[in-house]
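Residue numbers (my numbering): 145 to 290.
Every residue, glycine too, gets a C-beta built ideally from N, C-alpha and C.
This structure is a prediction, so every number in the text was calculated from the model and none was measured.
For reference, the structure discussed in these notes is given below.
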Amino acid sequence: MLAELAAINGAFAIIKTTIANGKELASAGQAIADFAFAKEDLQSKASKKRNSTFGNDLQEFMALEEVKRKEAELKSMMYLYGRYGLWEDWVKFQADARAKRQRQIKEARLKREKMIEVIGIVSLSLAILFMFAGFFYIVARKKLWL
């Protein structure tokens, strides 16, 4: 949870500096992606810990409140210092980054499942091959071919 908060704080500082300097939001694209990914990680870990009996509720709550506060500050900065529609672009950019990450996670899961399937097929094939080789070896020894 601390790693996600550190990533959020670092990304927030970069985004805040970018907006304060009047630059386009796209120039802080990596920081935006980092912010969105860390926020999503933090929320998913917090929801997983809610289902656990050993979760630290106060720490999770405070971390999520910190993220909400930073988002509210970013929103006000974007409305005050940014161009028209910057907050809406930010929300869209964040949603696109989240969708891209979900797509990457799904592709990685499918790739891992395919790899496990291939390893299983190869292992089963080798096991069958060695069983036949052992069977023929035993038969050949009984008939004194070897």
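Short of 7 Å in beta carbon distance, which residues of its chain neighbour residue i, apart from the five on each side in sequence? Order them along the chain.
i, result
"A177", "A241"
"K236", "none"
Determine the burial state of residue i: buried for a count of at least 16 other Cβ atoms within 10 Å of its Cβ, exposed for fewer.
i, result
"I163", "buried"
"A155", "buried"
"F280", "exposed"
"F181", "buried"
"A175", "buried"
"V211", "buried"
"F179", "buried"
"I249", "exposed"
"K192", "exposed"
"A172", "buried"
"I152", "buried"
"K286", "exposed"
"I272", "exposed"
"I265", "exposed"
"I159", "buried"
At which residues does the alpha helix (DSSP H) containing residue i begin and terminate?
i, result
"Y223", "D201 to Y225"
"S267", "L230 to K286"
"L146", "L146 to A164"
Considering only residues of the same chain and omitting the five flanking positions on each side of residue i, which have a CB-CB separation below 8 Å?
i, result
"L208", "L186, Q187 and A190"
"E184", "R242 and R245"
Can you list, in chain order, the residues of its chain whose CB lies under 6 Å from that of residue i, leaving out five sequence neighbours each side?
i, result
"L149", "A207"
"M275", "none"
"L218", "none"
"A239", "none"
Three or more C-beta pairs under 8 Å: does that hold for the stretch 251-259 against the stretch 201-221? Touching, no, given that fewer than three Cβ pairs across the two stretches are closer than 8 Å.
contact_flag[the stretch 225-234, the stretch 156-175] where n(CB pairs < 8 Å) is 3 or more: Yes, they touch.
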